[in-house]
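In what follows, a single structure is set out as structure tokens and then discussed.
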Amino acid sequence: MYSDAFCKVYNEFGWNYFPEAFGPQLLKWIEQNHLTVRTSLDLACGTGILCQILHENGIDASGMDFSEGMIAIAKERSPQIHYEIADMIQYRPDRKFDLVTCTGDALNHIIDLKDVEQIFKNVYGYLNEGGHFIFDILNEDTVSPEEAIDLDFSEEIKAKFSVSQNEQGIVNLKTKVFENGEFQFEENITETVHDPEVICQLLRQNGFSILRCGDRLMDDGEKHGTTWFIIAGK
Numbered sequence: 000m001y002s003d004a005f006c007k008v009y010n011e012f013g014w015n016y017f018p019e020a021f022g023p024q025l026l027k028w029i030e031q032n033h034l035t036v037r038t039s040l041d042l043a044c045g046t047g048i049l050c051q052i053l054h055e056n057g058i059d060a061s062g063m064d065f066s067e068g069m070i071a072i073a074k075e076r077s078p079q080i081h082y083e084i085a086d087m088i089q090y091r092p093d094r095k096f097d098l099v100t101c102t103g104d105a106l107n108h109i110i111d112l113k114d115v116e117q118i119f120k121n122v123y124g125y126l127n128e129g130g131h132f133i134f135d136i137l138n139e140d141t142v143s144p145e146e147a148i149d150l151d152f153s154e155e156i157k158a159k160f161s162v163s164q165n166e167q168g169i170v171n172l173k174t175k176v177f178e179n180g181e182f183q184f185e186e187n188i189t190e191t192v193h194d195p196e197v198i199c200q201l202l203r204q205n206g207f208s209i210l211r212c213g214d215r216l217m218d219d220g221e222k223h224g225t226t227w228f229i230i231a232g233k
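The sequence shown runs 0 to 233 under numbering that gives the first Met the number 0.
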């Protein structure tokens, strides 16, 4: 779970860039495919940016996240949207949705494939017939140890971001945050790289059809070299 301090940095200094870019693409994808999406659920919704974008475009959007800090920010930003604190491995809402999303490589935080499969089983259960499950996972070719990257959030807030990977393939994302040159805190996030073929096989085994598995959401969409997009239908 993200610390409250990291949630604040995440929200205030630009780490919402992915849902801000993905939201308009998703709306375009819905329009291009002539879909009617009345209800949506964003798993691991973070600070609620994607939910907010969908809500502003007439969709009854909901979100859930394991982090109390993220949900607190999401509720403050959009109190009219329904948010829940939950673990998506066990999460089973009491309603169904036309669209379920899970972005920002959130599924890579789920290390055990049995838990990933349980999420797929759950999503299939609360997705409406004809609905879609859209998510992204890390592209293995782009995950490699590298020199620490300096991030300038503001004149006062700086960070160093680094990636490491052990022999078992577990990826550690380390962020050290500084304010006015003084170290404030360190956030460590653990992920793993999932094979997209294995992920698609698990989806099929649990009733889904695979509509897309590639480096962009649409043929004419923006390419994301670090990400595989998977669109599964029920």
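Ideal placement from N, C-alpha and C gives every residue a C-beta, glycine not left out.
Pairwise C-alpha distance: residue j and residue i
i: residue 12; j: residue 110; result: Confidence in residue 12 is poor, its pLDDT being 49 and thus under 50, which makes the residue's placement too unreliable to answer from.
i: residue 121; j: residue 215; result: 25 Å
i: residue 185; j: residue 154; result: 19 Å
i: residue 205; j: residue 89; result: 16 Å
i: residue 218; j: residue 174; result: 34 Å
i: residue 231; j: residue 182; result: 43 Å
i: residue 18; j: residue 166; result: 31 Å
i: residue 26; j: residue 163; result: 35 Å
i: residue 55; j: residue 49; result: 10 Å
i: residue 101; j: residue 41; result: 6 Å
i: residue 213; j: residue 195; result: 9 Å
i: residue 21; j: residue 29; result: 12 Å
i: residue 31; j: residue 23; result: 12 Å
Supposed close pair residue i, residue j - CB separation, criterion 8 Å
i: residue 47; j: residue 91; result: With 8 Å as the limit, residue 47 and residue 91 do not qualify as a contact, their Cβ atoms being about 21 Å apart.
Exposure of residue i, with buried meaning 16 or more beta-carbon neighbours within 10 Å
i: residue 179; result: exposed
i: residue 210; result: exposed
i: residue 70; result: buried
i: residue 225; result: exposed
i: residue 188; result: exposed
i: residue 79; result: exposed
CB contact flag (residue i, residue j, <9 Å)
i: residue 150; j: residue 190; result: no
i: residue 233; j: residue 132; result: yes
i: residue 64; j: residue 85; result: yes
i: residue 35; j: residue 94; result: no
i: residue 126; j: residue 197; result: no
i: residue 57; j: residue 81; result: no
i: residue 128; j: residue 192; result: no
i: residue 273; j: residue 108; result: Shown here, the chain extends from 0 to 233; a query on residue 273 therefore has no answer.
i: residue 119; j: residue 228; result: no
i: residue 156; j: residue 170; result: no
i: residue 68; j: residue 99; result: no
i: residue 115; j: residue 172; result: no
Below-9 Å beta-carbon distance, residue i vs any chain B residue
i: residue 118; result: No chain B is present in this structure, which holds just one protein chain.
Beta-ladder partner(s) of residue i, from DSSP
i: residue 39; result: 60 and 98
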